[in-house]
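A.B. asks:
Residue numbers (the numbering used here), protein chains in the order written: chain A, -9 to 103; chain B, 15 to 130; chain C, 78 to 630.
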């Protein structure tokens, strides 16, 4: 389910997916391991700089193999800081933008009707 | 080799071809077309193989219900093509008499998973 | 409420085992993702932006305290301590793992719950009036028919691989609180001559990218006719619904492309041809369900005596406002239904923490005959509260921050999970809902505004029903930037209609002020208690459009 067509390879592209078992968002690192996308800043992604390199990267993980450890892998574009350039993929990398669960309403009850 | 699953749980190895007096009908065929073609007298005694093109396409289940209503009881209605083990029970409930499974599907899904 | 019989329990237990086997086969690699996906979807399991999401069915929105306690336990054990109630009267968990879902489903089965057919191209969870069986204006209690259809549609062998999903909604009141006209099939139950209901079948409603209001397809079906007629309708749809384009695969498109009369004729022909013998016992089965939904025995004299006593404790300003806004007239004298808003200031529409769930379960057990309801506006209801207990209930709800008196008011916003969770979303819904809610709370006394529906969907699929809101908001992606399109004048009730789209969308930053201008314009222009849609009709699109863009203020 590729979200956006890659228009610009100048900052590189990387591969993200969901882990089959946990469902969590992951990215492919330069050692060919799938790591949690939320820890992208601490790691080094496998980056491709052309359409052909990107296709090779995708093929290298055998996405059609039933034993592939990830689901829905696709290529995303990076910005100059090595972060996903599209807001959707950035959200995947940073997690929900709202406070949820027990934290949801803490400190926000300042406004009342 | 191809396997034939029967409603009573039996599995028959079909060496090569399915019986010669059978007719193959894609499960995407409109019922009215089947009615005008298939249900004519010369085909009545044969095995009807309803072929699923895609396991996510459930037209074959409705067609089975309608065909069973119109076919003589001597005709066998079989499901074939893209069927997965998880659909075997549905096929029996919709009136199929047997299911023909390709060797490739039989082995890939695992023989045990076909035994419902 | 309905209690499972042996067959129901065996069915659900079997299904848990079957899904555990399917998960194992997927992990071992004998099932491909393409094959596994429809199987997991039929068990309510999606793969979302950050994780798997499990949607648990709450049939026609009815829950007891044991079930809600279990949902609380599950949200602690398999999720991150909260759950999200949806516009389909279900609950979603956002962080389960694939490996643990079989255990989770087994736990659900112990309290007569499951996730069967909460997704996939099959008949989905049947929704209904959240005040079913308790509303003062009700003609026919829809719950027995809901349960009957739940049993008929659950694991129906013929209709599990339909062209697309299929949604039923059922109401037994002239005031439609179940939005039946925006469902694939909507059933309106009326009083029949011999005590059994007569059923009007509305077909082909839906939202998404091609919103349609349902058409009256068959009037006055008897209970004897209903199941075979539905079977014929679904069979015609299964065979003729489009499979070449998923955006044209719903029955609303089949209806539009075939024409009302032609489709009615096809269904009628199949109805006449189909074998009725499987249905010979079905009406007896329906009648056997009635005792599950019998009205509780109440001492009428005592109840009306209680009803006539004005409870002094309810006269305080805050509690009086809550009584007016959050409680509803009841079928039984001496009782009221209490609506619980899941839209507190700063909260996430429809979310409840595990602690809130446990507290609500205890309140329901003590004060509401052990029963709760989920509404399609993402709120909860205590359907059986005696008037004498209202003050105690209010105090208990206040304790867990769930006594906000904003039911049906502008801050009672419907919002889908949006891009914060959903893989399909094109924009975020929750933060903009929070911003709009905040803006409205600041500038106006919402109690003076009155009833106003603001619904926010994060993509064209319209899970938050934006097409049928007074003010609908649709979040889109414009070159990587979130952009929000405004729709005005929609309705989801018995006079359902699709709202009109204004001009170009606005940014997330501009959105709260935009909504505020529309609301202020409505307040300025309305006559007496005129509703938003009536004011909109009288004044017209052009004027409201000016308000949206704030040109001539």
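Using N, Cα and C, we set each Cβ at its ideal position, and we do this for glycine too. Note that this is a predicted model, so its numbers are computed, not measured.
#1: The segment 39 to 71 of chain A: which residues have C-beta closer than 7 angstroms to a C-beta of chain C, in chain order?
#2: Run through chain B and tell me which residues come within less than 7 angstroms of residue 237 of chain C, C-beta to C-beta.
#3: On the CB-based measure, 16 or more other CB atoms within 10 Å of its CB, does residue 547 of chain C come out buried or exposed?
#4: Would you identify the three-state DSSP class for residue 495 of chain C, choosing helix, strand or coil?
#5: Using CA coordinates, which residue listed in C:322, C:476, C:297, C:489 is at the minimum distance from residue 419 of chain C?
#6: So, does the CB of residue 129 of chain B fall closer than 9 angstroms to a CB anywhere in chain C?
#7: Answer with buried or exposed for residue 24 of chain B, where buried requires no fewer than 16 other C-beta atoms within 10 angstroms of its C-beta.
#8: Please report the straight-line C-alpha distance between residue 101 of chain A and residue 530 of chain C, rounded to a whole angstrom.
#9: With 9 angstroms as the threshold, decide whether the Cβ of residue 19 of chain A is near any Cβ in chain C.
#10: Put residue 46 of chain A into one of helix, strand or coil per three-state DSSP.
#11: How should residue 630 of chain C be labelled, buried or exposed, when 16 other C-beta atoms within 10 angstroms of its C-beta is the threshold for buried?
#12: Taking a Cβ distance cut-off of 8 angstroms, strictly less, list which residues of the segment 109 to 123 of chain C are near chain F, in chain order.
#13: Anything in the segment 334 to 361 of chain C with a Cβ closer than 9 angstroms to a Cβ of chain B? List those residues in chain order, please.
#14: With 9 angstroms as the limit, tell me which residues of the segment 82 to 108 of chain C have their beta carbon closer than that to any beta carbon of chain B; keep them in chain order.
#15: Between B:112, B:64, B:127, B:95, which lies nearest to residue 37 of chain B when the distance is taken from Cα to Cα?
#16: Closer than 9 angstroms by beta-carbon distance: list the chain C residues that pair up with residue 88 of chain A, in chain order.
#17: Whose C-beta lies closer than 6 angstroms to the C-beta of residue 444 of chain C among residues of the same chain, with five residues either side of it excluded?
#18: Under a CB-based cut-off of 9 angstroms, is residue 428 of chain C close to chain A?
#19: Taking C-beta pairs closer than 9 angstroms, name the residues in chain A that residue 557 of chain C reaches, listed in chain order.
#20: Which one or two residues does DSSP pair with residue 644 of chain C in a beta bridge?
#21: Classify residue 20 of chain C: buried if its beta carbon has 16 or more other beta carbons within 10 angstroms, exposed otherwise.
#22: Could you tell me if residue 290 of chain C is buried or exposed, where buried requires 16 or more neighbouring beta carbons within 10 angstroms of its beta carbon?
#23: Counting only the same chain and skipping the five closest in sequence on each side, list residues whose C-beta sits under 7 angstroms from that of residue 513 of chain C.
#24: In its own chain, which residues sit with a C-beta less than 7 angstroms from the C-beta of residue 210 of chain C, not counting the 5 before and 5 after it?
#25: Any beta carbon of chain C sitting closer than 9 angstroms to that of residue 13 of chain A?
#26: Taking 9 angstroms as the CB-CB cut-off, is residue 625 of chain C touching chain B?
#27: Count the other CB atoms, across all protein chains shown, that sit within 10 Å of the CB of residue 83 of chain C; report buried if there are 16 or more and exposed otherwise.
#28: Cα separation between residue 563 of chain C and residue 596 of chain C?
#29: Counting contacts by CB-CB distance shorter than 9 angstroms, is residue 99 of chain A in contact with chain C?
#30: Just to check my reading of the structure: residue 188 of chain C and residue 147 of chain C have Cβ atoms closer than 8 angstroms, yes? What is that Cβ distance to the nearest angstrom?
#31: Tell me the DSSP secondary structure of residue 141 of chain C in three-state form.
#32: With distances taken between CB atoms, is the gap from residue 142 of chain C to residue 449 of chain C smaller than 9 angstroms?
#33: For the beta strand (DSSP E) that residue 279 of chain C lies in, which residues bound it at each end?
#34: What residues of chain C sit near residue 8 of chain A, judged by a beta carbon separation below 7 angstroms?
#35: Can you check DSSP and say which residues form a bridge with residue 169 of chain C?
#36: List, in order along the chain, the chain A residues whose C-beta lies closer than 7 angstroms to that of residue 174 of chain C?
C.D. replies: Taking the structure as given:
#1: 56, 57, 61, 62
#2: For the purposes of this step, residue 237 of chain C is taken as the residue at position 160 of the third chain. By Cβ distance, chain B contributes 72, 104.
#3: As a first step, residue 547 of chain C must be located in the third chain, where it is residue number 470. So residue 547 of chain C ends up on the buried side.
#4: Taking the first residue of the third chain as position 1, residue 495 of chain C is located at position 418. If DSSP states are grouped into helix, strand and coil, residue 495 of chain C belongs with the helices.
#5: Walking along the third chain from the start, residue 419 of chain C turns up at place 342. Selected option, being the one with the closest Cα: C:489.
#6: For the purposes of this step, residue 129 of chain B is taken as residue 115 along the second chain, with counting starting at 1. Residue 129 of chain B does not count as touching chain C.
#7: Against the second chain, residue 24 of chain B aligns to sequence position 10. Per the 10 Å Cβ criterion, exposed.
#8: The residue you call residue 101 of chain A lines up with position 111 of the first chain. The residue you call residue 530 of chain C lines up with position 453 of the third chain. Legend: pLDDT at residue 101 of chain A = 35, less than 50; position of this residue unreliable, value from coordinates given subsequently. In a straight line, the C-alpha of residue 101 of chain A is about 21 angstroms away from that of residue 530 of chain C.
#9: The residue labelled residue 19 of chain A in the question sits at position 29 within the first chain. Answer no: the Cβ-Cβ gap between residue 19 of chain A and chain C never drops below 9 angstroms.
#10: Your numbering for residue 46 of chain A matches position 56 in the first chain. Reduced to three states, the DSSP call for residue 46 of chain A is helix.
#11: Counted from its first residue, the third chain places residue 630 of chain C at position 553. Confidence at residue 630 of chain C is low in this model, with a pLDDT of 43, below 50, so its placement is unreliable and no value can be given for it.
#12: Absence of chain F from the displayed structure is noted, the protein chains being A, B and C.
#13: 347, 350, 351, 352
#14: 95, 98, 99, 102, 105, 107, 108
#15: The residue labelled residue 37 of chain B in the question sits at position 23 within the second chain. Among B:112, B:64, B:127, B:95, the Cα nearest to that of residue 37 of chain B is on B:64.
#16: As a first step, residue 88 of chain A is located in the first chain; it is residue number 98 there, counting from the start. What residue 88 of chain A touches in chain C: 425, 497, 505, 507, 508, 511.
#17: Your numbering for residue 444 of chain C matches position 367 in the third chain. Only 462, 466, 470 meet the Cβ criterion.
#18: What you label residue 428 of chain C is simply residue 351 of the third chain in a count that begins at 1. Residue 428 of chain C counts as touching chain A.
#19: As a position in the third chain, residue 557 of chain C is number 480, starting the count at 1. Chain A residues near residue 557 of chain C: -6, 75, 76, 77, 78.
#20: There is no way to answer for residue 644 of chain C, as the model of chain C reaches only from 78 to 630.
#21: Coverage of chain C is limited to positions 78 through 630, which leaves residue 20 of chain C absent and any answer about it impossible.
#22: Here residue 290 of chain C is taken as the residue at index 213 of the third chain, counted from 1. Buried.
#23: By one-based count along the third chain, residue 513 of chain C stands at place 436. Hits under 7 angstroms: 490, 531, 588, 589, 592.
#24: Translated into the one-based positions of the third chain, residue 210 of chain C becomes position 133. Correct list, in chain order: 218, 220, 370.
#25: Position 23 of the first chain, counted from the start, is the residue given in the question as residue 13 of chain A. Interface residue, yes.
#26: For the purposes of this step, residue 625 of chain C is identified with residue 548 of the third chain, where counting begins at 1. With 9 angstroms as the cut-off, residue 625 of chain C does not count as an interface residue toward chain B.
#27: Taking the first residue of the third chain as 1, we reach residue 83 of chain C at position 6. Residue 83 of chain C should be labelled exposed.
#28: Mapped onto the third chain, residue 563 of chain C falls at position 486. Mapped onto the third chain, residue 596 of chain C falls at position 519. Near 13 angstroms, if we compare the C-alpha coordinates of residue 596 of chain C and residue 563 of chain C.
#29: Indexing the first chain from 1 puts residue 99 of chain A at position 109. Residue confidence for residue 99 of chain A is low, a pLDDT of 39 falling below 50, so the modelled location carries little weight and cannot support an answer.
#30: Here residue 188 of chain C refers to the residue found at position 111 of the third chain. Here residue 147 of chain C refers to the residue found at position 70 of the third chain. Yes, residue 188 of chain C and residue 147 of chain C are in contact; Cβ-Cβ is about 4 angstroms, under 8 angstroms.
#31: Here residue 141 of chain C is taken as the residue at index 64 of the third chain, counted from 1. In this structure, residue 141 of chain C counts as strand in the three-state DSSP scheme.
#32: Here residue 142 of chain C refers to the residue found at position 65 of the third chain. Here residue 449 of chain C refers to the residue found at position 372 of the third chain. The answer is yes: Cβ separation under 9 angstroms.
#33: As a first step, residue 279 of chain C must be located in the third chain, where it is residue number 202. Residues 274 to 280.
#34: Here residue 8 of chain A corresponds to residue number 18 of the first chain, with the count starting at 1. Under the 7 angstroms cutoff, chain C gives 124.
#35: The residue you call residue 169 of chain C lines up with position 92 of the third chain. Paired residues: C:132, C:161.
#36: Numbered from its first residue, the third chain carries residue 174 of chain C at position 97. Ordered by position in chain A, the residues that pass the 7 angstroms Cβ test against residue 174 of chain C are 11, 12, 13.
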